[in-house]
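Undergrad: Counted the way mature numbering (1 follows the signal peptide of the UniProt record, and there is no 0) counts, the sequence shown spans residues -37 to -1, 1 to 153.
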Amino acid sequence: MTKHTKNTMSLRARLLTGTVAAAALGAGTFGAISANAAEPAQAPAAVTADTTHPRDLRQSTHLTIDAATRAARAALDAAESENQRVTVAVVDRDGNTVVTLRGDGAGPQSYESAVRKAFTAVSWNAPTSELVKRLESAPNLKDIPGTLFLAGGAPVAAKGAPIAGIGVAGAPSGALDEQFARAGVAALTR
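Now the structure itself:
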């Protein structure tokens, strides 16, 4: 055999081997894809045994979005019936905003004030008008982030524990704001 023939054969052999390998690889990949498509993926095994003792658990109560919306709407309606332009916020027990309704013509500062009043009311499970009085003996309370010690916040409680707060801001007095917030709380008991 000549050197040229030997290299040609070697090249042909290499091409043939590469083609066979590519075909085998392709068939294997196609087979794996087909098998995966035909069989649904199995979810990881779930832990089915209860590993937590009941004494280590605590149930908590939360307002539904419907209840929070109903309360906010009642507070806003009470304000609008007296021609007041306010914003109403409802926060959950952790201070997360659930619903905010900004009435027509409410001032830009009213949004944040309503949220902060709601947070303050739920944090201490007390109307913010009562909490304002506590500042006389503990003036540093006002330094707690997210709070606002002005009348206009009312807590929502279930079984004596706070579960939400309603804050209203924008009326010319905190007493009016709080009156509207209490209307929101009252809507939850109807």
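Glycine residues also receive a C-beta, built at the ideal position from the N, C-alpha and C atoms.
(1) What does the alpha-carbon distance come out to for the pair His16 and Leu26?
(2) What do you reckon, are the CB atoms on Thr110 and Thr152 nearer than 8 Å?
(3) Using the C-alpha atoms, what's the distance from Ala132 back to Ser76?
(4) Check for me: the beta strand (DSSP E) holding Ala69 runs from which residue to which?
(5) Report yes if the CB atom of Gly130 is closer than 8 Å to the CB atom of Ala81, and no otherwise.
(6) Going by the beta-carbon positions, is the gap between Thr63 and Val78 smaller than 8 Å?
(7) Along the beta strand (DSSP E) that carries Val51, what are the first and last residues, could you check?
(8) Glu99: buried (16+ other C-beta within 10 angstroms of its C-beta) or exposed?
(9) In chain order, what residues of the same chain lie with their CB nearer than 6 Å to the CB of Ala134, ignoring the 5 residues before and after it?
(10) Is DSSP giving Thr60 helix, strand or coil here?
(11) Give the DSSP-derived three-state secondary structure of Ala150 in the structure shown.
(12) With a threshold of 6 Å on Cβ separation, who are the neighbours of Arg33 within its own chain once the five nearest residues in sequence on each side are excluded?
(13) Does DSSP classify Pro118 as helix, strand or coil?
(14) Counting C-beta neighbours from all protein chains within 10 Å, is the total for Leu94 16 or more, i.e. buried, or is it exposed?
(15) Which residues in the same chain have their Cβ closer than 8 Å to the Cβ of Leu104, if we skip the five residues on either side of it in sequence?
(16) What residue does the alpha helix (DSSP H) around Ala81 start on, and which one ends it?
(17) Look at Ser86 and Gly58 and say whether their C-beta atoms are less than 8 Å apart.
(18) Return the chain-ordered list of same chain residues with a C-beta closer than 6 Å to the C-beta of Ala31, the five sequence neighbours on each side being excluded.
(19) Restricting to Cα atoms, I'd like to know which of Asp106, Val148, Pro108 and Ala114 is closest to Pro125.
TA: Per the coordinate set shown:
(1) Taking the sequence shown and counting its residues from 1, the one referred to as residue 16 is at position 53. Taking the sequence shown and counting its residues from 1, the one referred to as residue 26 is at position 63. Going by C-alpha positions, His16 is about 27 Å away from Leu26.
(2) As a working note, residue 110 is residue 147 in the sequence shown. As a working note, residue 152 is residue 189 in the sequence shown. No, Cβ-Cβ distance for Thr110 and Thr152 is not below 8 Å.
(3) The residue labelled residue 76 in the question sits at position 113 within the sequence shown. The residue labelled residue 132 in the question sits at position 169 within the sequence shown. Roughly 6 Å between the two C-alpha positions.
(4) In the sequence shown, residue 69 corresponds to position 106, counting from 1. Ala69: not part of any beta strand (DSSP E); DSSP gives it neither H nor E.
(5) Taking the sequence shown and counting its residues from 1, one reaches residue 130 at position 167. Taking the sequence shown and counting its residues from 1, one reaches residue 81 at position 118. Going by C-beta atoms, Gly130 is nearer than 8 Å to Ala81.
(6) The sequence position of residue 63 within the sequence shown is 100, counting from 1. The sequence position of residue 78 within the sequence shown is 115, counting from 1. Going by C-beta atoms, Thr63 is nearer than 8 Å to Val78.
(7) The residue you call residue 51 lines up with position 88 of the sequence shown. Note, Val51: beta strand (DSSP E), Thr50 to Asp55.
(8) Along the sequence shown, one-based indexing puts residue 99 at 136. With fewer than 16 Cβ atoms within 10 Å of its Cβ, Glu99 is classed as exposed.
(9) Locating residue 134 in the sequence shown gives position 171, where the first residue counts as 1. Gln47, Val49 and Asp140.
(10) Sequence index remark: in the sequence shown, residue 60 carries index 97 (1-based). In the structure shown, Thr60 sits in a strand (DSSP, three-state: E or B).
(11) Position 187 of the sequence shown, counted from the start, is the residue given in the question as residue 150. Here Ala150 sits in helix by DSSP.
(12) Mapped onto the sequence shown, residue 33 falls at position 70. Closer than 6 Å at Cβ, skipping near neighbours: Ala150.
(13) Position 155 of the sequence shown, counted from the start, is the residue given in the question as residue 118. In the structure shown, Pro118 sits in a strand (DSSP, three-state: E or B).
(14) The residue you call residue 94 lines up with position 131 of the sequence shown. Buried is the call here.
(15) Counting from one through the sequence shown, the residue named residue 104 turns up at place 141. Only Leu94, Arg97, Leu98, Thr110 and Phe112 meet the Cβ criterion.
(16) By one-based count along the sequence shown, residue 81 stands at place 118. Ser73 to Trp87 is the span of the alpha helix (DSSP H), which, as asked, contains Ala81.
(17) Within the sequence shown, the letter at position 123 stands for residue 86. Within the sequence shown, the letter at position 95 stands for residue 58. Yes, Cβ-Cβ distance for Ser86 and Gly58 is below 8 Å.
(18) Counting from 1 along the sequence shown, the entry for residue 31 is found at position 68. By the criterion of a C-beta distance shorter than 6 Å, Ala31 is surrounded in its chain by Val53, Val61 and Val62, once the five residues flanking it on both sides are discounted.
(19) Along the sequence shown, one-based indexing puts residue 125 at 162. Checking every option, the nearest Cα to that of Pro125 belongs to Val148.
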